[in-house]
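In case it helps, the numbering used here puts the first sequence at residues 1 to 423.
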Amino acid sequence: MLSLNYIREHQQEVTDRLAIKNFDGTGIIGRIVSLDDQRRETQKRLDDLQAQSNLLAKEIGVLFQSGKAAEANQLKEKTAEIKSASKEIDAAFEAIKKELDELLVRVPNLPHSTVPAGKTPAENVVMLQEGAIVPVAPDAVPHWDLTTKYDLIDFITGNKITGAGFPLYKGKGARLQRALINFFLEEALKEGYNEVQPPYMVNAASAYATGQLPDKDAQMYHVGLDDLYLIPTAEVPVTNIYRDTILKVQDLPVKNVAYSACFRREAGSYGKDVRGLNRLHQFDKVEIVQIASAEKSYEVLEEMLAYVTGLLRKLELPFRVLKLCGGDMSFTSALTYDMEVWSSAQARWLEVSSVSNFETFQSNRMKLRCKDENGKMHIPHTLNGSALALPRIVAALLENNQTPDGINIPKVLVPYTGFDVIN
RNA sequence: GGAGAGAUGGCAGAGCGGUCGAUUGCGGCGGUCUUGAAAACCGUUGACCCGCAAGGGUCCGGGGGUUCGAAUCCCUCUCUCUCCGCCA
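1. Let's see if you can read the secondary structure: which residues bound the beta strand (DSSP E) around phenylalanine 358?
2. Are three or more beta carbon pairs between the region 286-303 and the region 375-387 nearer than 8 angstroms?
3. Counting pairs of beta carbons, one from the region 122-133 and one from the region 318-333, are three or more of them closer than 8 angstroms?
4. Using the C-alpha atoms, what's the distance from alanine 95 back to lysine 76?
5. Which value, in whole angstroms, describes the spacing of the CA atoms of threonine 35 and alanine 85?
6. For alanine 419, count neighbouring C-beta atoms within 10 Å of its own C-beta (all shown protein chains included) and say buried if the count is 16 or more, exposed if not.
7. Examine the Cβ distances between the region 240-248 and the region 116-126 and report whether three or more of them are shorter than 8 angstroms.
8. With a CB to CB cut of under 8 angstroms and the five nearest residues on each side skipped, what residues in its chain are close to leucine 252?
9. Taking 6 angstroms as the limit between beta carbons, can you name the residues of its chain near leucine 18, skipping five residues before and five after?
10. Our contact map puts glutamate 266 next to asparagine 384 with C-beta atoms below 8 angstroms; I'd like the distance itself, whole angstroms only.
11. Give the list of continuous alpha helix (DSSP H) stretches no shorter than 4 residues that lie fully inside the region 73-149.
12. For the region 146-200, list the alpha helix (DSSP H) runs that are entirely contained and at least 4 residues long, ordered along the chain.
13. Which value, in whole angstroms, describes the spacing of the CA atoms of alanine 204 and alanine 51?
14. Between the C-alpha atoms of valine 414 and histidine 143, what's the straight-line distance to the nearest angstrom?
15. On a CA-only basis, which of Leu335, Ser330, Phe331 and Leu312 is nearest lysine 323? Give me that one, please.
16. Measuring straight from C-alpha to C-alpha, what distance separates asparagine 278 and leucine 368?
17. Assuming contact is defined by CB atoms lying nearer than 7 angstroms, are valine 238 and proline 198 in contact in what I supplied?
18. DSSP three-state label for tyrosine 259, please.
19. Is the region 161-171 close to the region 400-416, with three or more CB pairs under 8 angstroms?
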C-alpha cells in the first residue's frame, strides 16, 4: 500500500497517477487524508488521557505503599472519570483506524512515471521483438490436437478427475513438464538465485501482504474449513518469507527462486482463451523474487527482464516484450513487462512471463524493512517475475516445432528430457 | 485425535500485581590496550505512533476481561515442545 505520509503530502499527484491506472482516486484519497487527520487528533487526546491516568496510577501506588489508603481512594475516583472518557474516545479511535485501513488497502500502487497511459492490452507498448515468425506448414495443428495425437496431455480425464482446467499430463508430456521445471530452476541457480520450496496454501495475512486480498479474492481458491487460500503464484509465499522482518541493507538484493503449482479460479474466462493449455486452473511455474534497495530496484528489474528473455532465446522461441500500459497493470505493480511467445498454429502471442517492480507497495503492507549501517530504517523494493510459466511455453514448443515426423525438442532441454523428439 | 508443558528484545534466558521497555549472558556497535589480531576491560545496543522540539503514548504470541495499576491474575484463539495414537 501507499504510505500515508506520501498520500498526505502528494494528494494531487497521487490522484493523477492513479488515473493512469484507470483508478478514480478523487473520493477515496480525500477521505483517507481526512480520516488520518481525525486519527491524529483522536490519538493525541487519547494519549493525553492515558498519560494522566498513568501518572495517577503511580501516585496511588505510592500512597497505598505508604499506608495512606484514604487519599489513595480519593484519587481512584478521579481515574474512574478518565477511564470512562478514554473509553469513548478509544471506540472512536478504533473505528477511524478500521475505516482508514480498509480504504488504504484498496488503493492501487502508483504507476512508474514511464508507464504509458491506456485502457486495454492493445495499448501496451512493444519494446522488443525477437526470433523469426516462420509460417508453419499448412497442415500444422494447434497444441491441443498435438497433445492428443502424441498422448501427452489428457484433458478429458483431467476433466473427469477434477474439472475443466485441470489437465492430466502423461508420458513424454509429463516428462517434458518435469524437464522444463528442472531447466528453469537450474538456470536460476546459475544466476545466483536461492532455491526455496514454499507452502501451496497461505493464510489471509499473507494474501493481504502481497496484494491478492482484498482486491482479487475471487481469483483465489479458498479452503473454507481452514480459512486458507491456494496460491495463485509462488510470489505470495516466497515474498511473505520476509513479512514483518528487518533485513540488513548489506544483504540486499535477496534473490529467491521457487517452483510451485499455481491455482487460479479464472472466473469469467471463455472461448479460445481457455482452449487447451492457454488458460488453466492449475499450472506449473517457476518464479523469481527479489528484494532490492530503492536505489537499485529498476536496475534489478532490467536484469530480471534480461534473464527471462535469455531463457526464451535458449528455448529458441520467438518472443516479444511489452511494457504494460496503466490500464493493463496489476493492482500492486509500479512497472510491468510482459513476455509473450509466438504460437504458430494459433497465430497469436501467448503471455508466458510478467516481471514487475512493486517498489514499496508490498513492503509497506507486510512491514518489510531494512536497516543500514547507521541503524537507519529504509523500505526496500520487492520485485518478481515468472521464469517461466509452463503451459504456454509447452503450447508454443509443440506448435512451433512440429514436423511431419514429430515434435523436436530444443537442444538445451534434451539433457533434461532425455529425448529429443516426440513422435 | 488424546494428555501435559510453554510462547518475553537478534539469540539464550530472568521476572509471576506497582519506579519493568523489562535483570543477566551471548551476539552487534564504539573505545582502551596491541605492530596487527585475539583476550581482557569500559561504554553502547528494540520497534511503532503523535510532536518542530521538549515530551507523551503503544508494544513481553493474537484478542478480550479483572484492577487505580498487568509481562505478571482470568477467559479465549493461534502456534511450539514432550508423551501416546495414527500415518506419507
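Note that the Cβ used here is the ideal one computed from N, Cα and C, for glycine as well.
The short version:
1. For phenylalanine 358, the enclosing beta strand (DSSP E) begins and ends at 348-359.
2. When C-beta atoms of the region 286-303 are compared with those of the region 375-387, three or more pairs fall below 8 angstroms, so the two segments count as touching.
3. Enough Cβ pairs lie closer than 8 angstroms, so yes.
4. Distance between the alpha carbons of lysine 76 and alanine 95 is about 29 angstroms.
5. Sequence check: residue 35 is leucine here, not threonine. Cα-Cα distance, rounded: 21 angstroms.
6. Here residue 419 turns out to be phenylalanine, not alanine, going by the sequence shown. Exposed is the call here.
7. Short answer: they don't touch.
8. For leucine 252, where only same-chain residues beyond five positions count, the Cβ hits under 8 angstroms are Ile291, Ala292, Ser293, Lys296, Cys370 and Pro380.
9. Excluding sequence neighbours, leucine 18 sits near Gly25.
10. 20 angstroms between Cβ atoms; not a contact.
11. List check, alpha helix (DSSP H) in window: 143-149.
12. DSSP runs (the alpha helix (DSSP H)) wholly in the region 146-200: 155-161 and 171-190.
13. Spanning the two alpha carbons is a distance of roughly 36 angstroms.
14. If I take the Cα positions, the gap works out to 20 angstroms.
15. Ranking Leu335, Ser330, Phe331 and Leu312 by Cα distance to lysine 323 puts Leu335 first.
16. If I take the Cα positions, the gap works out to 35 angstroms.
17. When the beta-carbon positions are compared, valine 238 and proline 198 come within less than 7 angstroms of each other.
18. Strand at tyrosine 259.
19. The region 161-171, when compared against the region 400-416, does not touch it at the 8 angstroms Cβ threshold.
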